[in-house]
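This report refers to the structure that appears directly beneath it.
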Amino acid sequence: MAKNGASGKGRIGAVKGRVQYHNPRTGLNVKANRTTGRFMDVKTSGGKFKGVTEK
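If you're matching positions, the sequence shown starts at 10 in my numbering and goes up one per residue.
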C-alpha cells in the first residue's frame, strides 16, 4: 500500500515571480507574472491570493 511522505512546512514566504493588483473597476484581485507582466488569473471569490505579493 502506498504511503504519503512526511508532512512538510509547505510554502514559506511569498511566491516568487508573481504579483497581484487590485482592479478598482471590478473590485477583484488579479494575479500577474512579474517578468512578462501578463495577467494569469482573477480571484472571483473576492479577497487576496495566498502568498502572492500585493503591489
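A virtual CB, placed ideally from N, CA and C, is assigned to each residue, including glycine.
Asked, Found
"What do you reckon, are the CB atoms on leucine 37 and threonine 53 nearer than 9 angstroms?", "yes"
"Which two residues bound the contiguous beta strand (DSSP E) that contains lysine 40?", "37 to 42"
"DSSP state of methionine 10, grouped into three classes?", "coil"
"Look up threonine 45 in the DSSP assignment and say whether it is helix, strand or coil.", "coil"
"Quick one, are the C-beta atoms of lysine 40 and methionine 49 less than 9 angstroms apart?", "yes"
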